[in-house]
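All the letters of the sequence shown, read from the start, carry residue numbers 166 to 572 under our numbering.
Every residue, glycine too, gets a C-beta built ideally from N, C-alpha and C.
All figures in this text were calculated on a predicted structure; none of them were measured in a lab.
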Amino acid sequence: LTFLTAPTHPPEHLKEPMSFIRNAQARWEKRILKSINTMCTEKNIPLARMRTIREQADFTQKWKDMTFSDENMGDIRPVYAPKDFMEVLTSLSSPNYTSKIYDYSDVNERSGTSVWGLIQVRLHLKTTQQLRVLFSNLSTHHFQTGADDIEGPNPEWQRLGVKTVQLSYTPTAQRYLQQGCYPTQRGDIWLLALGVNTSPLSYQYYNQLKASVFKYELLVDRLFLQDVRLTAGNHEAYFVFEDLVVQILLCFSRDTQYLDHFRSTSASPPHAYTRNNMDQTVVYPPNGIIPFHGFSLFLAPMCFIWSDPVVLYNVFKQLYTRYFFRLHSLSSHPEGILSLCQQFETMLQTHQHSYFTISEKWDLTLSNMPLTGSCTHSQVIWRHRSCCYSGTVSLVTTPWRYSQCWL
């Protein structure tokens, strides 16, 4: 007897099963590479070059004060902004699905309009009941740190946090964090929950990345510097961490271990030709990730918790390779940006349909939509015919509580 073997799927199908999403991701990556090449041509800037001995010495001296670089960064623009990526998400549609709502009252002619919402791709989402079960620990019936301890910290919960750290067991730390954690214990418990173990080898590896930064200059270095200055460095809460954020991101761009996460995403690392051999290509940048406007905000909030750059780098590495990379790549994964946007819109249409009722009539554009607390008023801008008016409109008369509306 001859047994037939199961057909093997191409690697790209295992990364992303939907072909139209794979094609859209490929077009998006070509657009990014075209922007990078245009920048290099217009500004006459190489993708990478080796620093001279003098430049390496100067760069080493100002490593602790990266914000006062002598380089003129005014002519460097971000490769793309979140708004550009959002346009790609909203323009994406499945060729096998017709996103139309038909009016069958007219038997002679069916008229159709696009479905409500910006995301036109229909993906499998969790139902309200499934979300209730998944986020059951967020219910008002459970103690929530920071919400139910207005009179002061809960000593029992603090003691439980100390025992969690002493136990040094990752699942226990993850369970403890589901109901909040006090700021004094946040650093230790988060390290335990993420499985981050900073050893002497971690410091050695970080120093190797620093040495690579001192030796080579990349185009993405300027992109990171400009992004930090425009976002984290210009933010009232994060500007004090500007130097630390720049240092971490420059080392981040040299870390080739980030290439492993491309095995589970539809994205592909960009390649560049070597100068001496045009037949040979290398991944550029070494981590395969092109920064965009606002990328530094992934890292900036963590600076409030950890001051050691090695610990901070390891935490950021774990968070990026687990979660953050899915926020700027096209994917049908349940934790991808497409699913998150569709989940939000579906829940908003179900529980706060007043937004969409007014939007359909007045071509409404929301500019300030609160996600927590009271939702009695919202700043809205709408357009009707030739008139444009901005004001405050009462949309909902009941407080927006996740226990009442969302879950």
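Backbone CA spacing between residue i and residue j [nearest angstrom]
i                 : j                 : result
arginine 187      : arginine 324      : 49 Å
histidine 400     : methionine 467    : 14 Å
leucine 409       : tyrosine 381      : 19 Å
glutamine 384     : valine 298        : In the sequence under discussion, the amino acid at residue 384 is leucine, which differs from the glutamine named in the question. About 47 Å.
aspartate 235     : valine 405        : Confidence is the limiting factor: at aspartate 235 the pLDDT is only 48, short of 50, which leaves the residue's position unreliable and the question unanswerable from this model.
proline 175       : phenylalanine 185 : 15 Å
lysine 208        : histidine 289     : 45 Å
leucine 464       : phenylalanine 481 : 7 Å
histidine 307     : valine 361        : 28 Å
serine 431        : glutamate 316     : 48 Å
tyrosine 371      : phenylalanine 224 : 17 Å
threonine 310     : threonine 337     : 17 Å
asparagine 442    : glutamate 177     : 28 Å
threonine 390     : threonine 396     : The question names threonine, yet the displayed sequence has leucine at residue 390. The straight-line gap from Cα to Cα measures roughly 10 Å.
lysine 180        : alanine 312       : 40 Å
leucine 484       : threonine 206     : 35 Å
tryptophan 527    : histidine 458     : Reliability of the predicted coordinates at tryptophan 527 is poor, the pLDDT of 48 falling under 50, and the value obtained from them is presented with this limitation in mind. Their backbone Cα atoms lie some 32 Å apart in a straight line.
alanine 191       : glutamate 500     : 20 Å
asparagine 339    : leucine 332       : Note that residue 339 is glutamine in the sequence shown, not asparagine. Distance between the alpha carbons of glutamine 339 and leucine 332 is about 12 Å.
arginine 275      : leucine 254       : With a pLDDT of only 39 at arginine 275, under the threshold of 50, the placement of this residue in the model should not be trusted; the figure read from the coordinates follows. The alpha-carbon atoms of arginine 275 and leucine 254 are separated by roughly 28 Å.
phenylalanine 509 : leucine 303       : 17 Å
alanine 402       : isoleucine 502    : 26 Å
serine 429        : leucine 359       : 19 Å
valine 447        : threonine 421     : 11 Å
threonine 329     : proline 365       : 24 Å
glycine 398       : isoleucine 218    : 29 Å
aspartate 314     : serine 301        : 19 Å
tryptophan 228    : glutamate 220     : 12 Å
alanine 437       : tyrosine 488      : 27 Å
leucine 495       : aspartate 444     : 30 Å
lysine 585        : serine 519        : Beyond the ends of the chain as shown, which are 166 and 572, falls residue 585; an answer cannot be given.
alanine 189       : threonine 363     : 39 Å
proline 348       : glutamine 369     : 29 Å
In DSSP terms, what residue i is bridged to
i              : result
threonine 446  : Tyr438
methionine 215 : Tyr381
is_contact[residue i, chain B] using C-beta, thresh 7 Å
i           : result
proline 466 : Chain labels in this structure do not include chain B; a single protein chain is all it has.
Which listed residue (the options) has its alpha carbon closest to that of residue i
i                 : options                        : result
lysine 195        : Met467, Ser433, Gln507, Gln508 : Ser433
proline 456       : His493, Thr439, Thr421         : His493
isoleucine 241    : Asp386, Ala465, His400         : Asp386
alanine 222       : Val330, Cys205, Gln483, Lys375 : Lys375
asparagine 452    : Phe490, Met443, Val480, Asp314 : Phe490
valine 327        : Asn479, Ser377, Cys346         : Cys346
glutamine 507     : Arg287, Pro182, His458         : Arg287
methionine 215    : Gln343, Glu177, Ser377         : Ser377
phenylalanine 379 : Arg192, Ala437, Glu181, Arg419 : Arg419
threonine 511     : Gly282, Tyr341, Gln369, Ser256 : Gly282
threonine 305     : Gln343, Leu332, Ile284, Thr329 : Gln343
leucine 505       : Met251, Thr363, Pro318         : Met251
aspartate 230     : His436, Gln412, Ala246         : Gln412
serine 367        : Lys248, Tyr478, Ile218, Pro260 : Tyr478
leucine 257       : Trp193, Tyr488, Leu424, Pro365 : Trp193
glutamine 285     : Asn302, Ser259, Tyr449, Ser301 : Ser259
glutamine 350     : Pro365, Thr363, Pro318, Leu254 : Pro318
leucine 388       : Arg219, Pro182, Asp444, Met204 : Met204
cysteine 416      : Pro348, Gly398, Val447, Val475 : Val475
glutamate 321     : His436, Leu303, Tyr341         : Tyr341
leucine 212       : Thr439, Ser519, Ile502, Ala246 : Thr439
isoleucine 454    : Leu414, Asp444, Gln445, Asp314 : Leu414
alanine 246       : Ser429, Thr446, Ile197, Tyr423 : Ile197
tyrosine 262      : Met183, Gln445, Ser519         : Met183
Supposed contact pair residue j and residue i - C-beta distance, whole angstroms, cut 8 Å
i              : j             : result
threonine 461  : valine 393    : Going by the sequence as given, residue 461 is serine instead of threonine. Going by Cβ atoms, the distance from serine 461 to valine 393 rounds to 5 Å, so yes, they are a contact pair.
threonine 335  : histidine 426 : Going by Cβ atoms, the distance from threonine 335 to histidine 426 rounds to 20 Å, so no, they are not a contact pair.
isoleucine 201 : valine 244    : 6 Å
proline 435    : tyrosine 449  : 6 Å
For the structure I just gave you, are there three or more beta carbon pairs, one from the stretch 466-476 and one from the stretch 337-355, closer than 8 Å? yes
Mind the definition here: the stretch 279-295 touches the stretch 510-518 only if three or more C-beta pairs lie below 8 Å; say whether that holds. yes
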